[in-house]
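>
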Amino acid sequence: MLMLRMARTGITHGKCSVQTMTKAGEALEMSQCREMLSPEQVWEGYDPRAEPLEIELLKQWTESGISFKEMYFTGKAAGSTKTRIYAVYSAPEGGKLLPGILHVHGGGQTANLDILRYWNERGYAALSFNWGGRRPDGQPYTLWGEELAHANQMESAVGDRMMATFPNVRASSWYEWAVAGRRALTLLEAQPEVDPGKLGAFGVSMGGTLLWTLAATDTRIHASCAIYGLGWHTFKEEFRLATGVQPDYSDDDVRIWRAGMEPEVYAPFIRTPMLFVSASNDFYGKMDRAFDILSALPERTPRSAAFTPGFNHYVHSEQAENVAIWMDTWLKGGERWPRMPEVSIRHDAAEGNVELVIRPDPGCTQPVTRVEAYCSLGNPHAVSRHWRPLVPTELGSEWRASLQDAAGYGGTVYAYANVFYASGICLSSKLLTTSQEADRAGIGTGAANEDTDAVEGNDLSGADEFGCSSIRRSGLIYDGRDGLDGWVTNSPNADPFPHRYSPITAAVSEDGVKGFRPAPMLSPLTYRLGDPAYRGRTGEMLRFQLLSRKAADFTVIVQQLHFPSHSRNYECSVSIDGRGEWQIFSLTPESFRHEESGETLTGWADVNYLELRMPEDGWPDEALLFANFEWVRI
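Going left to right, the sequence shown walks through residues 1 to 634 as the UniProt record's numbering numbers them.
Structure below.
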């Protein structure tokens, strides 16, 4: 048995024992000993079918040809009590040997009947269960009991045990939630309408994180999809990028957790086909890390990915449709899934051209209906990248998109492509990271590793420090000629289905002005101010236009170095006059005050986020239109 000797705590691999150690000639009895377990050891001996389900039927009903059952079932014994998991199951009436889908909800969510109906309408039986425990809204929930009260995710006490490592990771809330998921699979496979050999599972956000563990440990799952969630919880990449200080990862808890419970350590054990769906700017599952974990899957494990450009914790319907098609392929014998497209940089020194080359799967018979491509300049932080849309052109079996607008930039360029098929599939390429220097030198490209690469300090600083004087700077930020052109909104709904709508749309006023219109209860935002070509300069103010027939007050927000956990918010309250005529807003840096201290913004340096925060009751006019954002001299 390998024993790690520590100065303060005892850690053993696979077995816990009290260690006696010496320090300065004195024997120290180690009263706290923790096991460092591998994934195999964490789940060794666990049988999700061993305990009886002990189903308590709460309600049964039929609607629109779908049969529903609401119930409690036993998860596990904990002390003198048993965990009682809340779940809802549904299936098309009269269904036999149907493929079954397990829904694993996200943080703060619960069992979802709309998601069940979505799958039932597609010919699946489906089960949605609650792992989050006690809820303040009166909805039914899982009864974790006193011994496992830490598994109540929405209560503050859970923080003490969410990632517990004493005596090992089985003491954590994440472990209990994974056990609940495996027991839910046992309930699903036992339903009379279900073919137990055709089970699939998908999880959203925290549920997506759990999916990696479930897919690796439970061979009953034959198709998997993780949405947003992918682990890497112990990597403090925002701290490093915001401060330039490399975090200390030598902490015992961190090493024990990474060894036995983080999703990335489970990836090499996954044999089921795995689809990852997310947004390019998601705060929870960073885009760069997605390709790290997908690359860790066994070579023969099918895998794919799709990213909605620009958004955070929101998946557009074009990418969300992948989930059902993925399940159809692996559980119903549907059409072969195309391989992920390949991307590379082509540099023609003679012609002075730089292009992104996109190669869809040459062995796929499905027609490609369109290809979209995007690039971002210099920002190593996935959450705040501004994605410039490129214009791919089809040339034989590949597509090419010019990168001439970025040709003079000396820093890192990030790029990826989305390939759309007639079947409704949307596939994203890997994230390509390169620089002109590396490309000319023939150095290979790859995905960014946010915790081992050196900090690109200049890539997060002001325009004058970018070292990109040959990048053409534009005072025009947005004029509507290219549709939304980088404008998105805050997340309207993390669940990818069934209720989808356009959170923001390009529109044209009656007098021909192009702009964008947000959904009534959403706030438009853009990361464009972080692009080296669109940064504000000393002596400039931000100007934009707004058309509305109704009056209201809203807040303009800018952030310096947008990090969800380290941002500095500056706010400016403005009023809509509601006269139905174009209204011009001109805002100097001094118009903005820090949300807490009240200090004024001294300049546009490091500002890379702009948000138009909606009024408390939403935007007053459904035909409201924003247009013509630009930098002008004060």
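Built from N, CA and C at the ideal position, the CB exists for glycine as well.
Between L53 and L187, how many whole angstroms is the CB-CB distance? I'm expecting something under 8 Å.
L53 to L187, Cβ: 6 Å. Contact.
> Find the nearest neighbour of L624 within the set R528, W604, L522 and S591, judged by alpha-carbon distance.
The shortest Cα separation from L624 among R528, W604, L522 and S591 belongs to L522.
> Would you kindly check if the distance between the Cβ of Y534 and the Cβ of I477 is under 7 Å?
Contact flag set, yes.
> Return helix, strand or coil for L210, following the three-state DSSP convention.
Reduced to three states, the DSSP call for L210 is helix.
> Taking Cβ positions, are W326 and L294 nearer each other than 7 Å?
Cβ distance not < 7 Å, so W326 and L294 don't count as in contact.
> Would you call D282 buried or exposed, if buried means 16 or more other Cβ atoms sit within 10 Å of its Cβ?
Per the 10 Å Cβ criterion, buried.
> Can you tell me the Cβ-Cβ gap for Y141 and T110, rounded? I've got them flagged as a contact below 8 Å.
Right, the Cβ-Cβ distance comes to about 6 Å (below 8 Å), so this counts as a contact.
> Put M541 into one of helix, strand or coil per three-state DSSP.
It is a strand residue.
> For the beta strand (DSSP E) that contains A627, what are its first and last residues?
Where A627 is concerned, the enclosing beta strand (DSSP E) stretches over L625 to R633.
> Determine whether the Cβ of V254 lies closer than 7 Å to any Cβ atom of chain D.
The chain inventory of the structure shown lacks chain D, comprising one protein chain alone.
> Are the stretch 498 to 506 and the stretch 609 to 623 touching by the rule of at least three beta carbon pairs closer than 8 Å?
No: fewer than three Cβ pairs fall under 8 Å.
> Around the C-beta of V383, are 16 or more other C-beta atoms found within 10 angstroms, so that it is buried, or is it exposed?
So V383 counts as buried.
> With R220 and E189 assumed to form a contact (beta carbons below 8 Å), what rounded beta-carbon distance in angstroms separates them?
Right, their Cβ atoms sit about 6 Å apart.
> Who are F73's beta bridge partners in DSSP?
BP columns for F73 point to I85.
> So, using beta-carbon positions, are L113 and V194 closer together than 7 Å?
Cβ distance not < 7 Å, so L113 and V194 don't count as in contact.
> Using CA coordinates, which residue listed in E147, A126, P273 and P518 is at the minimum distance from A184?
Here the closest residue by C-alpha is A126.
> Who are the near neighbours of A422 in its chain, counting only those whose CB is closer than 7 Å to its CB and skipping five residues on each side?
Correct list, in chain order: Q366, P367 and T369.
> Can I584 and N569 be called in contact, C-beta distance under 7 Å?
Contact flag unset, no.
> According to DSSP, what are the bridge partners of C364?
Answer is none; C364 lacks a bridge partner.
> Starting from Y266, trace the alpha helix (DSSP H) both ways and give me its first and last residue.
Segment P263 to Y266, the alpha helix (DSSP H) holding Y266.
> Is F466 buried or exposed, if buried means 16 or more other CB atoms sit within 10 Å of its CB?
Because F466 sits at a pLDDT of 34, beneath the cut-off of 50, its placement in the model cannot be relied upon, and the following sentence gives the value as read from the coordinates. Classification for F466: buried.
> Got a sec? Which residues, its chain only, sit under 6 Å from S567 by beta carbon, not counting five neighbours each side?
Closer than 6 Å at Cβ, skipping near neighbours: Q559.
> Which of the three DSSP states, helix, strand or coil, is assigned to residue 667?
Examination of residue 667 is not possible in this model, given that the chain is present from 1 through 634 alone.
> Report the three-state DSSP secondary structure of F269 (helix, strand or coil).
Helix, per DSSP.
> Can you tell me whether Y249 is helix, strand or coil according to DSSP?
Looking at Y249 - three-state DSSP - the assignment turns out to be coil, as it is neither helix nor strand.
> CA-CA distance, E630 and T434?
E630 and T434: Cα-Cα distance of roughly 30 Å.
> Could you pull the start and end residues of the alpha helix (DSSP H) that N322 belongs to?
Its alpha helix (DSSP H) spans residues S317 to L331.
> With burial defined as no fewer than 16 other Cβ atoms inside 10 Å of the residue's Cβ, what is the status of P360: buried or exposed?
By the neighbour-count rule (16 or more Cβ atoms within 10 Å), P360 is buried.
> For A50, count neighbouring C-beta atoms within 10 Å of its own C-beta (all shown protein chains included) and say buried if the count is 16 or more, exposed if not.
Exposed, by the Cβ-count rule.
> Among I101, E581, A87 and R34, which residue has its Cα nearest to the Cα of I256?
When each option's Cα is compared against that of I256, the closest is R34.
> Which same chain residues end up closer than 6 Å to residue 680 when comparing Cβ atoms and leaving out the 5 residues on each side of it in sequence?
Nothing can be reported for residue 680, as the shown portion of the chain is limited to 1 through 634.
> For L395 and S280, what's the separation of their Cα atoms in angstroms?
Straight-line Cα distance between these residues: approximately 27 Å.
> Across which residues does DSSP place R255 in a beta bridge pair?
DSSP, once it has assigned bridges, lists no residue as partnering R255.
> What are the start and end residues of the beta strand (DSSP E) that includes P39?
It is not in any beta strand (DSSP E) - P39 instead sits in the alpha helix (DSSP H) that spans P39 to W43.
> Mapping the DSSP letters down to three states, classify L372 as helix, strand or coil.
First, the amino acid is wrong: residue 372 is Glu here, not Leu. In this structure, E372 counts as strand in the three-state DSSP scheme.
> Can you check whether the CB of D553 is closer than 7 Å to the CB of S575?
Against a cut-off of 7 Å, the Cβ pair of D553 and S575 comes out as a contact.
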